[in-house]
Structure formats: structure tokens, C-alpha cells
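Position in the sequence shown counted from 1, then plus 2, gives you my numbering. Everything on this sheet refers to the single structure shown next.
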Amino acid sequence: MPTDLSAATPTISKTALAPSAPVRVSFPTGLLKNIIDFVGALAALILFAPIFLVITVVLKLTQEGSIFFSHTRIGKDGKEFGCLKFRTMVPEAAEMLDEILMSDPIAREEWNANYKLDNDPRVTRFGAFLRKSSLDELPQIFNVLKNDMSLVGPRPITKSEGELYCRHYSVYKSVRPGLTGLWQISGRSDTSYEERVLLDVNYVRNLAAWRDIYILVMTVFVVLVRKGAQ
3 MPTDLSAATP TISKTALAPS APVRVSFPTG LLKNIIDFVG ALAALILFAP IFLVITVVLK
63 LTQEGSIFFS HTRIGKDGKE FGCLKFRTMV PEAAEMLDEI LMSDPIAREE WNANYKLDND
123 PRVTRFGAFL RKSSLDELPQ IFNVLKNDMS LVGPRPITKS EGELYCRHYS VYKSVRPGLT
183 GLWQISGRSD TSYEERVLLD VNYVRNLAAW RDIYILVMTV FVVLVRKGAQ
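Dropping the structure here:
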């Protein structure tokens, strides 16, 4: 598993890999971003309430256990929080992953490189639909209302993924992670992990409320055409 972003793909400029200092968000930008988050999350909760209901019913009828999956992620200032998603995998997903990685060297290499598997056998049929449509991430609206996340920001990452951010980890922790961001409108699963990191760094370094609005609008387009979805 790579731990130094200097080994980024050839399409990434080496100048983009300069050591990063924490980013200080100005009061006006932070205030406007908070307003957009609160108003946008409330509006989304009302707008998507019928979809929430349908997904809840289908999950209850087709699988056992909780309909939500909560995984620990790193937030602003390194604070950990439970990032919510609709459950898209079989209940024994963790055990299955261990078996897959132990028995399949190709899958192990893919997981170590991207922290995900193409054609993951643990994903249910309905779960695959939720992922393709990005509807599995709708519960993160509650994370936004709890102030754990923003509507727009870096991807929520695990503590172990923080090691891959290396010199840029302090930049990541400068803001709250987002329900969407530059990665989601720049290819999503079609991008390498190093590219995702640099997209996150680019977003934080160039933080602006108008840019958040642009990313939100583009996210709707990307979801509709399912660009880079898996």
C-alpha cells in the first residue's frame, strides 16, 4: 500500500504535492457555508422524504438487521464520527472481505490500492442499485444536520486512510468532510486514489461558497448520468 503521494500517477503535477499547512477558513466564508449546509440539508430532507420511505421499506423486506450502516470517519480537527449510509451489503460483509482478501491476491491488490473492490460480491442487488444512483449516501444528510459533515467537502475517510494523505492530512482536517465534493464531479470511481486526495486538497485550498453551489449543481448532473458510479 503506497504511503507517499510523491508516487502519484503521471498525469498529476509534482508541484501539486508540495507540503501542506492547515487551511484557515475566513469567518464570512465559514458562516455562509454553514447557512448553505443547514438550509440545504433541511430542504433535501423534505424533498427526499418519499425516497427515504421507499428505500426503508425495501430494505426491511429484503434483508435482516439495521437498514443503516455506520462507519467511523475522520472529521474536522481529527474528530471521529459515525458516517451514515443505507446498508448495501450482506450482514456478514466484514467476514467475507477477510476471506476474499486472503484467498484472492488480485482482489487484495485492488483493495490495498483503492480501498474498494469492483464487482464486490458482498453487495446485494438492491444495494448495487443504491450505489449506482448514490442513494445509499442520503442518510448523510443527518450527519450534515449534526454538524459532523458539510454538504460539500473532502470525502469522509477512515483513520487508516489518513496515512495515505501524508503531508496533506492537515489540510483534510481543516474542514468538515462533505456529502459531495470535487471527487464526485470529477470521475468518482474512474479516478485513482492519489487523484482523489489531490482533488480534496484543491477543494480546501480554494474554499468558496460559490464553489460549493457549483459543485452541488454539478453533483445533480453527475448522479443523473451516473458518471463514474459503481
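We treat Cβ as the ideally placed atom computed from N, Cα and C, and that holds for glycine.
Item checked: Local conformation of V227 per DSSP, three classes -> The three-state reading of DSSP puts V227 in helix, counting H, G and I together.
Next item on the list: Mind the definition here: the region 104 to 124 touches the region 34 to 51 only if three or more C-beta pairs lie below 8 Å; say whether that holds.
Entry: Taking 8 Å as the limit for Cβ pairs, the verdict is that the region 34 to 51 does not touch the region 104 to 124.
Checklist line | Boundaries (first-last residue) of the beta strand (DSSP E) holding G84 | finding: Boundaries of the beta strand (DSSP E) around G84: 82 to 88.
Check: Straight-line CA distance for F70 to T90?
Finding: In a straight line, the C-alpha of F70 is about 9 Å away from that of T90.
Check: In three-state DSSP terms, what is V56?
Finding: Under the three-state reduction of DSSP, V56 is assigned to helix.
Note to self: Rounded to whole angstroms, what is the Cα-Cα separation between L63 and R178?
What the structure shows: Rounded to the nearest angstrom, the two C-alpha atoms are 34 Å apart.
Next item on the list: Spell out the partners DSSP gives I76 in its beta bridges.
Entry: Per DSSP, E82, I159.
Checklist line | Status (buried if at least 16 other CB within 10 Å, exposed otherwise) for H73 | finding: Its Cβ having fewer than 16 others within 10 Å, H73 is exposed.
Next item on the list: Entirely within the region 111 to 165 and at least 3 residues each: give me those beta strand (DSSP E) ranges in chain order.
Entry: Taking 3 residues as the minimum length, the beta strand (DSSP E) runs contained wholly in the region 111 to 165 are 152 to 154, in order along the chain.
Next item on the list: Look up T64 in the DSSP assignment and say whether it is helix, strand or coil.
Entry: Helix.
Checklist line | Option nearest F83 by Cα separation, candidates V227, K148, A43 | finding: With distances taken between Cα atoms, F83 lies closest to K148.
Item checked: Beta-bridge pairing of G180 - partner residues as DSSP gives them -> Residue pairing by DSSP puts G180 in a beta bridge opposite S152.
Note to self: Using the Cβ count rule (16 or more neighbours within 10 Å means buried), how would you classify T182?
What the structure shows: So T182 ends up on the buried side.
Margin query: What does the alpha-carbon distance come out to for the pair L291 and L153?
Written below: The requested residue 291 is not part of the displayed model; the chain covers only 3 to 232.
Notebook entry, point to check: At what residues does the alpha helix (DSSP H) containing G189 begin and finish?
Noted result: Run containing G189: none; DSSP gives neither H nor E here.
Checklist line | Rounded C-alpha distance that separates S172 from Q65 | finding: The straight-line gap from Cα to Cα measures roughly 40 Å.
Item checked: Of the listed residues P141, A130, L226, G164, nearest to T58 (C-alpha basis) -> Measuring from the Cα of T58, the nearest candidate turns out to be P141.
Next item on the list: May I ask you to report which of helix, strand or coil DSSP gives F70?
Entry: DSSP places F70 in strand when its eight states are reduced to three.
Next item on the list: Compare the beta carbon distance of G164 and V206 with 9 Å and say whether it is the shorter of the two.
Entry: Cβ distance not < 9 Å, so G164 and V206 don't count as in contact.
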